[in-house]
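Please read the structure below before turning to the comments.
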Amino acid sequence: MPKRLVILFFLFFSVSLFALSDGALLHKAEKEFAGKQKSDIFRAYNDYKNLYLRSIMNQDEALKIKALQGIVKSGTKLHIDVTPYKKELSSFTKRRYVTQRPKKSKTSKQIKKVKLKATNKLRLVYWKKGRLVLRFSHKLRKHQVNYFKLYDADKNVYKYVFDVEASMMTRSQRLVKPGIRSIKLAQFKPNILRIVFKNDSVVEMHFKVTGKELVINARPTKVSQASGKSSHVSAVSNITSPSQRKASQSKTIVIDAGHGGKDPGASGYRHYKEKHVVLGIAKYVRDYLKRRGYHVYMTRDRDYFIKLRNRTKFANKKKADLFISIHANASKNKKAKGVETYFLSPSRSNRAKKVAAMENKADIDDMNYYARQSFLSFLNNHKIVASNKLAIDLQQSILLELRKHYKDVTDGGVREGPFWVLVGAQMPAVLIEVGFITNPAEAKRLASKKYQRHIAKGIADGVERYFIKNR
Ligand SMILES: [Zn+2]
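Positions 348 to 818 (our numbering) are the ones given, in order, by the sequence shown.
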């Protein structure tokens, strides 16, 4: 495709995404599709893709089918591989078909007979030096243990849940440990054993899988005076753990310092450059998170250029649980100030579009790549919701921390925007604008190590808050 067409295509893509109503856009696409020029068909293809996006955002199944049909017919004319869309489209038609005739055939009987996986069996449960040991019949693999946390804010109950791919022969059991309100072990699903620790304060949870055993070290942070009479339970003080790490230790975070190298990002007061400021903050975030036991990777830890798409690619490769991109904002209005946190969505507001346009400047090829490859794959509702939650937790924690030390900290709020650097991330992903580098007062703060540390601590707190609330 000629370069000019690529740019046109992209501009068109970004403009048309926001302007027209669904019906009008669909009508426009149909007209374009009927056109004689290849570029007409291309525009149609692009509009159908935008409609597809909207259908995902709005959970509009009827629109999705129309959009998919459009993508398939226009894409085919353009010799674009539309196999995934074809598949999705056929899943709709199949679904209809199945509901129409739920007839039992030989094959469905065969499916029912699917051999039960030989599951690992729980053999023994006991306490050893205050640690809960579960021994199984076979070697346990790490991926067979799924650990997550829940926090019920209404009841102020912390839940720590272990799902183990195994079965137990006995009924559910209750276990006792001083300082922890309840521990329950039960068969949650035919092949999933569930252990739930409930408490009204935070429990530091450590666990490891060794051979046939799962060993859980649950350390209540506040030991209640009342409990602790059962003799088979060793005293809490016997628990020795060299590590002070929090329970979120198994999480991996990718910190992305925006821009770098030939791309300085925004520059403002006294020619401070965004790429330097954000790298400083990103390094502090890394240090804080590492100290708290997270696995942390940085897309860059020096001043060099990285393509936007390689940043999320990196996070995907590291199987990160979160992706946090750090940026500084700029405005012609020197008075503009404040911290903002963005999550990805085809944004509606002009404000978000402006910020995104600035951050998206990297290079047009990158964006074209996204437009074709990744945008659609990212935008599912589940990830948008998770990213939105993460953005809220980060924004709140940053403000909380900054306001302890500085007067006059502006809450720019949580916003959504079409940021290409977040596109393609397979995990909750956000972009933080830590302040305006064009505002003299804020720029001075941003350049100071002290402020960088405080804001980094706020970000680290936000990550913690997010994990306590979500799994
Ligand atoms: Zn930036």
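Positions of the beta carbon are idealized from the N, C-alpha and C atoms, including for glycine.
Just to check, is the beta-carbon of His618 closer than 6 Å to a non-hydrogen atom of ligand 1? In the sequence shown, the residue the question calls residue 618 occupies position 271. No - ligand 1 has no heavy atom lying nearer than 6 Å to the Cβ of His618.
Alpha carbon of Ser438 to alpha carbon of Lys411, nearest angstrom: The sequence position of residue 438 within the sequence shown is 91, counting from 1. The sequence position of residue 411 within the sequence shown is 64, counting from 1. For Ser438 and Lys411, the distance between alpha carbons rounds to 12 Å.
Does the distance between the C-beta of Gly759 and the nearest non-hydrogen atom of ligand 1 fall short of 6 Å? Here residue 759 refers to the residue found at position 412 of the sequence shown. Not under cutoff, so the answer is no.
If you follow the beta strand (DSSP E) that Ala513 is part of, which residue opens it and which one closes it? Counting from one through the sequence shown, the residue named residue 513 turns up at place 166. Residues Val504 to Met515.
Can you tell me whether Glu408 is buried or exposed, with buried defined as 16 or more other CB within 10 angstroms of its CB? Residue 408 sits at position 61 when you count from the first residue of the sequence shown. With fewer than 16 Cβ atoms within 10 Å of its Cβ, Glu408 is classed as exposed.
Taking C-alpha atoms, which residue in Arg658, Pro787 and Tyr616 lies nearest to Val777? Taking the first residue of the sequence shown as 1, we reach residue 777 at position 430. Closest option to Val777, Cα to Cα, is Arg658.
Around the Cβ of Asp808, are there at least 16 other Cβ atoms within 10 angstroms (buried) or fewer (exposed)? Locating residue 808 in the sequence shown gives position 461, where the first residue counts as 1. Classification of Asp808: buried, given that the 10 Å Cβ count is 16 or more.
Buried or exposed: which applies to Lys524, given that a residue is buried once 16 or more other Cβ atoms fall within 10 Å of its Cβ? Stepping through the sequence shown from its first residue, residue 524 is reached at position 177. Label assigned to Lys524: buried.
Output yes or no for whether 7 Å exceeds the beta carbon distance between Gly685 and Thr568. One-based indexing of the sequence shown puts residue 685 at position 338. One-based indexing of the sequence shown puts residue 568 at position 221. Against a cut-off of 7 Å, the Cβ pair of Thr568 and Gly685 comes out as no contact.
Between Arg541, Val549 and Arg647, which lies nearest to Asn503 when the distance is taken from Cα to Cα? If you number the sequence shown from 1, residue 503 lands on position 156. Out of Arg541, Val549 and Arg647, Val549 has the C-alpha closest to the C-alpha of Asn503.
Buried or exposed (CB count within 10 angstroms, at least 16 for buried), Lys796: On the sequence shown, residue 796 is found 449 positions in, with the first residue counted as 1. Lys796 is exposed by the Cβ-count criterion.
Comparing the CB of Glu789 with every heavy atom of ligand 1, is any distance shorter than 6 Å? Sequence index remark: in the sequence shown, residue 789 carries index 442 (1-based). It does not: the Cβ of Glu789 is nowhere closer than 6 Å to a heavy atom of ligand 1.
Please go through the same chain and pick out, in chain order, the residues whose beta-carbon is closer than 7 Å to the beta-carbon of Met348, but skip the five residues on each side of it. Position 1 of the sequence shown, counted from the first residue, corresponds to residue 348. Residue placement at Met348 cannot be trusted, given a pLDDT of 36 that sits under 50; the coordinates are not used to answer.
Can you give the Cα-Cα distance for Lys637 and Gln520, rounded to whole angstroms? Here residue 637 refers to the residue found at position 290 of the sequence shown. Here residue 520 refers to the residue found at position 173 of the sequence shown. Each residue's Cα considered, the two are about 36 Å apart.
The region 638 to 657 in contact with the region 737 to 751 per 3-pair CB rule at 8 Å: no
What number of angstroms, rounded off, separates the C-alpha of Ser484 from the C-alpha of Thr557? As a first step, residue 484 must be located in the sequence shown, where it is residue number 137. As a first step, residue 557 must be located in the sequence shown, where it is residue number 210. Going by the C-alpha atoms only, they are around 13 Å apart.
Is the separation between the beta-carbon of Thr785 and that of Gly615 shorter than 7 Å? Reading the sequence shown from its first residue, position 438 is the one you call residue 785. Reading the sequence shown from its first residue, position 268 is the one you call residue 615. For Thr785 and Gly615, yes; Cβs fall inside 7 Å.
Any heavy atom of ligand 1 inside 6 Å of the beta-carbon of Gly612? Start at 1 with the first residue of the sequence shown, and residue 612 comes out as number 265. It does: the Cβ of Gly612 is within 6 Å (strictly closer) of some heavy atom of ligand 1.
Does Ile739 come out as helix, strand or coil in the three-state DSSP assignment? For the purposes of this step, residue 739 is taken as residue 392 along the sequence shown, with counting starting at 1. Of the three classes helix, strand and coil, the one that applies to Ile739 here is helix, per DSSP.
Mapping DSSP to helix, strand and coil, what is Arg658? Here residue 658 is taken as the residue at index 311 of the sequence shown, counted from 1. The answer is helix: DSSP assigns Arg658 an H, G or I state.
Using a 10 Å radius around the Cβ and a threshold of 16 neighbouring Cβ atoms, would you call Val419 buried or exposed? The residue labelled residue 419 in the question sits at position 72 within the sequence shown. Classification of Val419: buried, given that the 10 Å Cβ count is 16 or more.
Would you say the beta carbon of Gly605 comes nearer than 6 Å to a heavy atom of ligand 1? Here residue 605 refers to the residue found at position 258 of the sequence shown. True, at least one ligand heavy atom lies under 6 Å from that Cβ.
Distance between Asn393 and Leu367 (C-alpha atoms, nearest Å): The count along the sequence shown starts at 1 and reaches residue 367 at position 20. The count along the sequence shown starts at 1 and reaches residue 393 at position 46. One C-alpha to the other measures close to 14 Å.
Using the rule of at least 16 other Cβ atoms within 10 Å of the residue's Cβ for burial, across every protein chain shown, is Gln384 buried or exposed? Position 37 of the sequence shown, counted from the start, is the residue given in the question as residue 384. With fewer than 16 Cβ atoms within 10 Å of its Cβ, Gln384 is classed as exposed.
Could you check if Gln374 belongs to the surroundings of ligand 1, using beta carbon to heavy atom distance under 6 Å? Within the sequence shown, numbered from 1, the residue matching residue 374 stands at position 27. Here the sequence assigns His to residue 374, which means Gln is not the residue at that position. No; taking the cut-off as 6 Å, the Cβ of His374 has no heavy atom of ligand 1 nearer than that.
Since Ala772 and Asn663 should fall inside the 8 Å C-beta cutoff, what is the C-beta to C-beta distance between them, to a whole number of angstroms? Looking up residue 772 in the sequence shown gives position 425. Looking up residue 663 in the sequence shown gives position 316. Between Asn663 and Ala772 the Cβ distance is about 7 Å, and since that is below 8 Å, they are a contact.
Could you give the distance in angstroms between the alpha-carbon of Gly805 and the alpha-carbon of Ile779? Start at 1 with the first residue of the sequence shown, and residue 805 comes out as number 458. Start at 1 with the first residue of the sequence shown, and residue 779 comes out as number 432. About 12 Å.
Going by C-alpha to C-alpha distance, which of Asp369, Lys506 and Val625 sits closest to Glu551? Taking the first residue of the sequence shown as 1, we reach residue 551 at position 204. Minimum Cα distance to Glu551 is reached at Lys506.
Beta-carbon spacing of Gln742, Val761 below 7 Å: Start at 1 with the first residue of the sequence shown, and residue 742 comes out as number 395. Start at 1 with the first residue of the sequence shown, and residue 761 comes out as number 414. Cβ distance < 7 Å, so Gln742 and Val761 count as in contact.
Put Asp668 into one of helix, strand or coil per three-state DSSP. Stepping through the sequence shown from its first residue, residue 668 is reached at position 321. If DSSP states are grouped into helix, strand and coil, Asp668 belongs with coil.
Outcome for Asn680 when other beta-carbon atoms lying within 10 angstroms are tallied against a minimum of 16: As a working note, residue 680 is residue 333 in the sequence shown. Exposed: under 16 other Cβ atoms inside 10 Å.
For Leu469, count neighbouring C-beta atoms within 10 Å of its own C-beta (all shown protein chains included) and say buried if the count is 16 or more, exposed if not. As a first step, residue 469 is located in the sequence shown; it is residue number 122 there, counting from the start. Looking at its Cβ environment, which holds 16 or more other Cβ atoms inside 10 Å, Leu469 is buried.
Count the other C-beta atoms from every protein chain shown that fall within 10 angstroms of the C-beta of Met516, then say buried if there are 16 or more, exposed otherwise. What you label residue 516 is simply residue 169 of the sequence shown in a count that begins at 1. Classification for Met516: exposed.
For Ala604, which residues of its own chain have a beta-carbon under 6 Å away from its beta-carbon, when the five flanking residues on both sides are left out? If you number the sequence shown from 1, residue 604 lands on position 257. Taken in chain order, the residues that qualify are Val625, Leu626, Ala629, Arg647 and Ile673.
Does any heavy atom of ligand 1 sit closer than 6 Å to the C-beta of Glu621? Here residue 621 is taken as the residue at index 274 of the sequence shown, counted from 1. Yes, ligand 1 has a heavy atom inside 6 Å of this Cβ.
What is the DSSP secondary structure of Phe766, counted as helix, strand or coil? Within the sequence shown, numbered from 1, the residue matching residue 766 stands at position 419. It is coil, neither helix nor strand.
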